[in-house]
Structure formats: C-alpha cells, structure tokens
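Taking the numbering used here, I'd label the letters of the sequence shown as residues 224 to 372. Every residue gets a Cβ at the ideal spot worked out from N, C-alpha and C, and that includes glycine. Here the structure is a predicted model, which is why all the values come from computation and not from measurement.
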Amino acid sequence: MIRRARHIGAVALALLALTACDDGAGPAPNAPEPIFRSASAEPGSANTPVRFARTVLQTACIDTQPDFQGATRALARAGGFAQSAKTGTFFHQRYDMSVKVVPGRCSMVVGTSGARDSLAQLGTLNSVQTGVPRVFGGRSYYAFFVSGA
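Okay, here's the thing in structure tokens:
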C-alpha cells in the first residue's frame with residue numbers, strides 16, 4: 224500500500240511538472256500562417272477584395288523597401304499564399320493575385336472582373352508604379368511595382 228501511494232505521488236508530481244511547462248496559451252495570436260512551396264502553385268479565381276490588395280501591397284512591398292526582406296513574412300501574415308517552387312512567385316490560393324519579390328523590386332498582379340476603378344487607385348499609393356491594365360478572358364489584370372534602393 225505504501226508502494227502504491229509513492230507511485231501515485233510520483234505520477235502526480237510528474238504530471239504537475241509537465242503542466243507547469245505548458246502555459247495553455249497555444250500559438251501566438253499573431254503568428255503568421257506558413258507559406259508552403261509547390262511546383263503547381265497558381266492563383267485562385269475569386270476577385271480580390273480591394274482592401275486586401277491594398278493591405279498586401281502596403282505591407283509586403285511598400286513597408287519592406289528598400290530590400291524587401293520582410294515581404295515573405297508580410298505575405299505569411301496576410302494568409303492564403305503558396306509559393307511556386309519553379310518561379311518563386313507567391314500566389315494567393317483563393318484570390319486571383321500574385322506577388323513576386325526579386326532583388327530591388329516587389330510586384331503584385333491582381334485579376335478581377337469587377338472593382339476596376341478601385342483597383343486602379345492602388346497606383347496612387349506612395350512609391351507605387353503601375354503597368355498598363357490588360358484584359359484576358361473577360362478579366363482585367365492590374366500590375367503594381369515597387370522599386371528598392
């Protein structure tokens with residue numbers, strides 16, 4: 224009986240020690256979603272909300288100038304991106320959107336069948352250059368570029 228009481232006491236002490244290691248908080252609330260790499264990564268087909276496009280352009284390209292070192296982390300925080308193992312381009316899995324980061328440049332392409340005027344206004348953000356909108360298959364594609372130092 225004494226042996227059994229010691230055994231139960233030892234087990235209880237071990238469990239207490241293990242619970243002390245876990246504060247129960249779980250992952251940090253602002254921990255970025257991991258970006259997976261795939262040879263077959265491609266963009267989604269849904270129209271990109273203008274607010275989301277603006278946030279991605281601001282946080283991934285404008286805020287990380289001049290070297291764009293924080294761009295990947297910003298895309299991870301935005302969520303939903305996969306990176307092409309072939310090209311290095313980041314594609315949003317739901318929205319028709321891609322982001323490419325190369326030395327000295329960050330670019331974003333957004334496809335939409337609506338909200339054309341609102342998307343075009345992203346070109347007025349500080350440091351942003353725009354390409355000529357293109358139309359393919361009834362969708363308009365807007366390109367935005369931010370250059371580094």
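Name the DSSP beta bridge partners of Cys-329, please?
Counting from one through the sequence shown, the residue named residue 329 turns up at place 106. According to DSSP, Cys-329 bridges with Val-324, Val-369.
In chain order, what residues of the same chain have a beta carbon less than 6 Å from the beta carbon of Ala-305, not counting five sequence neighbours either side?
For the purposes of this step, residue 305 is taken as residue 82 along the sequence shown, with counting starting at 1. Excluding sequence neighbours, Ala-305 sits near Phe-259, Ser-261, Ala-264, Phe-314, Gln-316.
Kindly give me the distance between the Cβ atoms of Pro-326 and Ala-299, rounded to whole angstroms, as I take these residues to be in contact under 8 Å.
In the sequence shown, counting from the first residue as 1, residue 326 sits at position 103. In the sequence shown, counting from the first residue as 1, residue 299 sits at position 76. Their Cβ separation, rounded to whole angstroms, is 20 Å, which puts Pro-326 and Ala-299 out of contact at 8 Å.
Start-to-end residues for the alpha helix (DSSP H) that takes in Ala-297
As a first step, residue 297 is located in the sequence shown; it is residue number 74 there, counting from the start. That run of the alpha helix (DSSP H) goes 294-301.
Taking Ala-276 as part of the alpha helix (DSSP H), name the residues at either end of that continuous run.
Position 53 of the sequence shown, counted from the first residue, corresponds to residue 276. Annotation for Ala-276: the continuous alpha helix (DSSP H) segment containing it runs 273-279.
I'd like to check one pair, Tyr-364 with Val-333: are the Cβ atoms closer than 9 Å?
Stepping through the sequence shown from its first residue, residue 333 is reached at position 110. Stepping through the sequence shown from its first residue, residue 364 is reached at position 141. Yes. Within cutoff.
In chain order, what residues of the same chain have a beta carbon less than 6 Å from the beta carbon of Tyr-318, not counting five sequence neighbours either side?
Here the question's residue 318 lines up with position 95 in the sequence shown. For Tyr-318, where only same-chain residues beyond five positions count, the Cβ hits under 6 Å are Gly-267, Ala-269, Thr-271.
Cβ neighbour criterion (16 or more within 10 Å) applied to Ala-283
To locate residue 283, count along the sequence shown from 1; it is residue 60. Residue burial is scored here from C-beta neighbours: Ala-283 has at least 16 other C-beta atoms within 10 angstroms and is therefore classed as buried.
Touch check for the stretch 339-348 and the stretch 275-290: three-plus C-beta pairs under 8 Å?
yes
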